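Worksheet for the structure shown next.
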Amino acid sequence: MTVKTMTSMERVMTALQFKEPDRVPLFLLLTMHGARELGMSIRDYFSSGENVALGQMMLLKKYGHDCVYPFFYAPVEVEARGGEVIYRDDGPPNSGEPIIKKYDDIMKLKQVSVKDSPPLVKVLKAIELLKSEAGDQVPIIGVVMSPFSVPVMQMGFDRYIELMYENEAYFNKLMEINEEFCVEWANAQLDAGAAAICYFDPVSSTSIIPRSKYLETGFKIAKRTIGRIKGPTATHMASGRCFEITGDLAETGTAAVGVSVDEDLSILKSRCRGRLSIIGNLNGIEMRRWSAEKARDTVRQAIVDAGAGGGFILSDNHGEIPFQVPEEVLFSITEAVEQFGYYPLNK
Amino acid sequence: MNMENIHQVLSSFERALVAVDRVAAEKILAEYGPGFDPVNFVDTVIVQTLDNIGNAWAKGDVSLSQVYMSGKICESLVNSIMPSGGMKRIEHPPMAIAVLEDMHMLGKRIVYSVLKSKGYDIIDYSSMKTGELVGRVIRDGIRILLLSVLMLPSALHIKEVRKRLDNAGHEVKIIVGGAPFNFDAELWRETGADAMGRSASQAVEIINRLYERPQ
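As you go down the protein sequences, you meet chains B and C in turn. Note that our numbering has the first sequence beginning at 1, numbered continuously upward. Note that our numbering has the second sequence beginning at 1, numbered continuously upward.
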C-alpha cells in the first residue's frame, strides 16, 4: 500500500513547482455540500462564516482531499454593493436584478470597503476559522471574481458584451472600479489566512471572447490586478476553453489555470508544461450520474494525461461541484486518486 | 448577381460580423444591398451568415460574444432595409421562448433574434419560474416551447414544467438549450424535453424536424 508522505500543503506546493509530489493533489471544490453535512438549508448555511468553516472541515475529514474552499457564492461581491442574491434549495445562490441598469449607473458606483461589508466579513471569518483549524497543513483557497468577469452579474451578460464592444469609456471606468475592489478583496482574504486566490475569469475564455479581444481587455486587466495581489493566484475559466490563450495566461503572472472538459488535457499539459499548472478537468455536470467505474476510469485517464512531472491538480472543470453530485461519486473519485495517483505514475 | 459574387459577399459579410465591425457590415450592405430585393438580401446574406456563425460557435470556432454581437448588428441592418411588415413570415404553431429561473438572458436573446430574422413569430417570456411559465404556456396555447437555462438545478426543473403541462393535458414540444446540456449529452432526455439544441441554427433545424417542415 502506498503511504502519504506529504501534507496537503506540501503536495500542492510541490505540484505547483512542476515537481512530482507523493501523489497527484485532489481539489474537491465543494461549496453547498457543507450545508448537507450540517443538516442545514443552503441559505442558513451561508448565513455565517462559522457554518462554512465547520462544513469545510467536515468535508475535508470526510473526503481527505487537498484543500479547503471557503467560497460562499459568486454574487457575494454584488451583494457587497447592495445587489440582490436569490437563494434556492438545490443550487448555488444566484444574482438577481443587475445593479447596473444603464451606463450612467457605472459612474455612481462607489468603492466598497471590504471590512465594512457584512457579506464579505462573513467570508473572512470563515477563512480565519479555517486557518486556526487547518494551520499550514492544508491550503485555504480564497476566491475573487475577476474585474473583467464580475460585470456579468453587475449588469447582465448581454448588456456587458455590448458595453465591451461599444462603449470604451464606460467599460474602462467599470474596470477601474472593479480592479480596485478585486485587489482589496483578494488581499483581505490572504491576510485572513488564504494560501492562494482563485481568480475566476470565465469571460476571458475563448468560449466567450476571441483571443484578439482578450488581449485588448481581460489580459491587461488580469496582468494589472494579479500583479497587485500579494499571493499566488490560479485563474479559473469555469468550464470555458483556454487552449489558445495559455501563453497569455502565464504572462499575467498566474500560477495555474482551471481548464474545461471540452479541451484535451494531454495537449493542454504539453502546452503549459513548466509555465502554468493545470487544474481540472472532471465534468461536474455529468459527474452527478457517474458510476464508480466511470469515476475510476475518468480519474485514471486524467492522471495519465496530465499527471507526469507535477504541474497538475485534479479537480472539476467548473470550480464548483454541483449540489446534486452524491457522496458515493465523491468517494469513488478519492478512491481512484488513491489507486492511480501515487508517483511514479503507471503509464 | 452571380454565385461567385454571392460567395464573395457572404465571405466579406461574415468576416465583418466575426470582427464585430458594424461599419464594415454596413458598407457591404450599402455596396451590394441595391443588387438584391430586401427580403432576398435578408435570406441570402444575413440569415445564411448568421447560420454559418452559429454553426462555427457549436464547433468552438468562434466565441459567444461574436455570435451575440453578429446577431445584434444584423438586427439593426434588417430594421434599416426592411419595410415595416415586409418580413417573410413562416407559418408554424404558437411558439414561445423563456429563460427558466434565472436572469441570464444571453442565450435566449441569440436564439430569439435568429428565429425572428428567419420569419418565425415567437413570444418572448423573458425569465420565468416554473408555475408562472406553465400557466402562460397553457393560456397562450403554446405548442413549441424553447427553454434556455444556465444552471444545472434550473435544467432539472424542466422535469416539473413537463410534468405539469402533461398533467394539464397540454400538448407541447419542449426544446432546451444552455450550458448544462452542452456538458451532459443525456441531460435533456432526463428533463423530458423533446430535443436539445447547441445553437440557434440547431434550434431552427429542430423546430422544422419536429413539425416536418423542409427548411
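Where a beta carbon is used, it is the ideal one built from N, C-alpha and C, also for glycine. As the structure is a prediction and not an experimental result, all values here were calculated from the model.
Beta-ladder partner(s) of residue i, from DSSP
{"i": "histidine 236(B)", "result": "Phe200(B) and Gly258(B)"}
{"i": "aspartate 124(C)", "result": "Ile97(C)"}
{"i": "leucine 145(C)", "result": "Ala96(C) and Ile174(C)"}
{"i": "leucine 314(B)", "result": "Leu26(B) and Gly280(B)"}
{"i": "alanine 195(C)", "result": "Ile175(C)"}
{"i": "asparagine 94(B)", "result": "Ile86(B)"}
{"i": "valine 183(B)", "result": "Answer by DSSP bridge pairing: none, since valine 183(B) is not bridged."}
Terminal residues of the alpha helix (DSSP H) in which residue i lies
{"i": "serine 201(C)", "result": "200-210"}
{"i": "valine 39(C)", "result": "38-41"}
{"i": "valine 144(B)", "result": "Counting along the chain, valine 144(B) falls outside any alpha helix (DSSP H), though it belongs to the beta strand (DSSP E) covering 141-145."}
{"i": "isoleucine 221(B)", "result": "218-228"}
{"i": "tryptophan 290(B)", "result": "Counting along the chain, tryptophan 290(B) falls outside any alpha helix (DSSP H), and DSSP gives it neither H nor E."}
{"i": "threonine 246(B)", "result": "246-251"}
{"i": "histidine 65(B)", "result": "First-last for histidine 65(B): undefined, no H or E at that position."}
{"i": "serine 270(B)", "result": "265-272"}
{"i": "leucine 345(B)", "result": "Looking at the DSSP string, leucine 345(B) is not in any alpha helix (DSSP H), and its letter there is neither H nor E."}
{"i": "aspartate 104(B)", "result": "104-108"}
{"i": "methionine 103(C)", "result": "Taken as a continuous stretch (DSSP letters only), methionine 103(C) belongs to no alpha helix (DSSP H), as it is neither H nor E."}
{"i": "arginine 162(C)", "result": "152-167"}
{"i": "phenylalanine 157(B)", "result": "157-166"}
{"i": "valine 121(B)", "result": "118-134"}
{"i": "glutamate 327(B)", "result": "327-340"}
{"i": "glycine 135(C)", "result": "130-139"}
{"i": "threonine 49(C)", "result": "48-58"}
{"i": "lysine 14(B)", "result": "Correcting the residue identity first, residue 14(B) is threonine in this sequence and not lysine. Start and end: 8-16."}
{"i": "tyrosine 68(C)", "result": "64-81"}
{"i": "valine 23(C)", "result": "22-32"}
{"i": "glycine 34(B)", "result": "33-38"}
{"i": "glutamate 190(C)", "result": "187-190"}
{"i": "glutamate 77(B)", "result": "76-79"}
{"i": "isoleucine 209(B)", "result": "It is not in any alpha helix (DSSP H) - isoleucine 209(B) carries neither H nor E in the DSSP assignment."}
Assigned exposure category for residue i - 16 Cβ within 10 Å defines buried
{"i": "alanine 168(C)", "result": "exposed"}
{"i": "lysine 129(C)", "result": "exposed"}
{"i": "glutamate 31(C)", "result": "exposed"}
{"i": "leucine 215(B)", "result": "exposed"}
{"i": "glutamate 132(C)", "result": "exposed"}
{"i": "lysine 72(C)", "result": "buried"}
{"i": "serine 291(B)", "result": "exposed"}
{"i": "asparagine 281(B)", "result": "buried"}
{"i": "tyrosine 211(C)", "result": "exposed"}
{"i": "glutamine 154(B)", "result": "buried"}
{"i": "methionine 1(B)", "result": "The predicted model places methionine 1(B) with a pLDDT of 49, which falls under 50 and marks its position as unreliable; any figure quoted below should be read in that light. Flag for methionine 1(B) reads exposed."}
{"i": "glutamate 50(B)", "result": "exposed"}
{"i": "threonine 5(B)", "result": "exposed"}
{"i": "leucine 50(C)", "result": "buried"}
{"i": "glutamine 215(C)", "result": "Here the model assigns glutamine 215(C) a pLDDT of 49, short of 50, so the residue's position is not dependable, and the following value carries that caveat. When all chains shown are included, glutamine 215(C) counts as exposed."}
{"i": "alanine 336(B)", "result": "buried"}
{"i": "isoleucine 267(B)", "result": "exposed"}
{"i": "glutamate 209(B)", "result": "Before going on, a small fix: residue 209(B) reads as isoleucine here, not glutamate. Burial call: buried."}
{"i": "phenylalanine 13(C)", "result": "buried"}
{"i": "aspartate 316(B)", "result": "buried"}
{"i": "glutamine 339(B)", "result": "exposed"}
{"i": "glutamine 56(B)", "result": "buried"}
{"i": "histidine 65(B)", "result": "buried"}
{"i": "proline 93(B)", "result": "buried"}
CB contact flag (residue i, residue j, <7 Å)
{"i": "valine 114(B)", "j": "alanine 188(B)", "result": "yes"}
{"i": "glutamate 20(B)", "j": "tyrosine 343(B)", "result": "yes"}
{"i": "leucine 314(B)", "j": "alanine 295(B)", "result": "no"}
{"i": "proline 180(C)", "j": "glycine 91(B)", "result": "no"}
{"i": "glycine 178(C)", "j": "glycine 107(C)", "result": "yes"}
{"i": "aspartate 247(C)", "j": "isoleucine 285(B)", "result": "In this structure chain C extends from 1 to 215, so residue 247(C) is not present and cannot be described."}
{"i": "isoleucine 279(B)", "j": "alanine 238(B)", "result": "no"}
{"i": "valine 47(C)", "j": "lysine 118(C)", "result": "yes"}
{"i": "alanine 19(C)", "j": "alanine 25(C)", "result": "no"}
{"i": "valine 351(B)", "j": "asparagine 172(B)", "result": "In the structure displayed, chain B extends from 1 to 347; residue 351(B) sits before or after that span and is not available."}
{"i": "valine 375(B)", "j": "proline 139(B)", "result": "No answer is possible for residue 375(B): it lies beyond the span of chain B, which begins at 1 and ends at 347."}
{"i": "leucine 16(B)", "j": "serine 270(B)", "result": "no"}
{"i": "isoleucine 307(B)", "j": "leucine 345(B)", "result": "Inspection of the sequence shows that residue 307(B) is occupied by glycine rather than by isoleucine. Yes, they are a contact pair."}
Between the segment 87-105 of chain B and the segment 192-211 of chain B, are three or more C-beta pairs nearer than 8 Å?
-> no
Inspect the CB distances between the segment 64-77 of chain B and the segment 39-52 of chain B and report whether three or more fall short of 8 Å.
-> yes
Inspect the CB distances between the segment 99-116 of chain C and the segment 61-79 of chain C and report whether three or more fall short of 8 Å.
-> yes
Just checking, does the segment 91-103 of chain C make contact with the segment 138-145 of chain C on the three C-beta pairs under 8 Å criterion?
-> yes
The segment 158-172 of chain B / the segment 116-129 of chain B touching (three or more Cβ pairs under 8 Å) = no
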